[in-house]
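Numbering (the UniProt record's numbering), first residue to last: 1 to 294.
Quick reminder that beta carbons are idealized off the backbone N, C-alpha and C, glycines included.
Have a look at the structure below before the remarks.
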């Protein structure tokens, strides 16, 4: 339940692990007035800034929702509901959720998360230049460990939550990496809770409304969603399969190479079992060559 108040007082969601109440004023201060220098990412419904909490000096990631964008407020509520009771080492830890008023009297909603020093997996797989290729190179074992981390997170969401959670947006940019390159799945703005049939009618009706729209990102959405299918754990597994192929081939599912009905899954299937190394990320091949030279 998010409590909302005026001024600099923040509304805070009780997550069971929430350790502080953070005001709008502190959010603005810790991000240096939402400075572009502190901008570290953007999502479907807002921007993400790096901040430093004055109370304990901890680094945090501050996701500020653009409430002018359709669906942003719904996304905030859905993410709060999904994050309220989930705890796992491979899920991004929430510090606080704030629903308040900014200094201009406008609605303000933000989610404050633990800061992940190594950014997101997308930046590691798809380096923008040669400098990044040298500084952000994942070995085969590191990629395998990241894939296992994401699998563990999904197993927990699907099988060990009191109410199963479907993430609905499994992709590299939503996989965050800490100091040790341990993966943490984040961004639950599209998450859906799978209530049991025995749930009360109002909850079931709300869940049905939440689930009826197409959820996910192009290239990772399972085909059945496009044909009106409801979000399901199998949908997350499909997206995870695409993620796996992207991790080891270094190609996005939306790559220009995949045209004329061919997708990344057909691309991988055609290479198996005898030509797998021909479609592997070239970074992995250079790693193998270096090991042979040693």
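query	result
Starting from residue 122, follow its DSSP beta bridges and name the residues at the other end.	BP columns for residue 122 are empty, so no partner.
What whole-angstrom Cβ distance do residue 95 and residue 149 have, given they're in contact under 8 Å?	Rounded, the Cβ-Cβ distance is 21 Å, inconsistent with contact.
Could you give the residue range of the beta strand (DSSP E) that holds residue 110?	107 to 114
Starting from residue 184, follow the beta strand (DSSP E) in both directions and report where the run begins and ends.	183 to 185
Could you tell me which uninterrupted alpha helix (DSSP H) segments, each at least 4 residues in length, are contained entirely in the stretch 53 to 85, listed from first to last along the chain?	72 to 83
Tell me whether residue 56 is buried or exposed, calling it buried when 16 or more other Cβ atoms sit within 10 Å of its Cβ.	exposed
Assign residue 286 to one of two classes, buried (16 or more other C-beta atoms within 10 Å of its C-beta) or exposed (fewer than that).	exposed
State the start and end residues of the unbroken beta strand (DSSP E) segment that holds residue 42.	39 to 42
Which class does residue 92 belong to by DSSP, given the choice of helix, strand or coil?	coil
Considering only C-alpha positions, which residue in the set 172, 243 and 276 is nearest to residue 122?	172
Please report the distance separating the alpha-carbon of residue 79 from that of residue 274.	43 Å
May I ask which residues mark the beginning and end of the alpha helix (DSSP H) holding residue 154?	140 to 159
Does the beta-carbon of residue 50 have 16 or more other beta-carbons within 10 angstroms, so that it is buried, or is it exposed?	buried
Excluding five sequence neighbours on each side, which residues of the same chain lie with their C-beta closer than 6 Å to the C-beta of residue 226?	none
Taking Cβ positions, are residue 109 and residue 65 nearer each other than 7 Å?	yes
Residue 169 and residue 216: beta carbons closer than 7 Å?	yes
Identify which residue in 24, 233, 263 and 280 has its Cα closest to the Cα of residue 104.	24
Which residue from 113, 82 and 260 puts its Cα closest to that of residue 163?	82
Would you identify the three-state DSSP class for residue 286, choosing helix, strand or coil?	helix
With distances taken from CA atoms, which of 117, 283 and 233 is nearest residue 157?	233
Would residue 249 pass as a contact of residue 279 if the rule is Cβ separation under 7 Å?	yes
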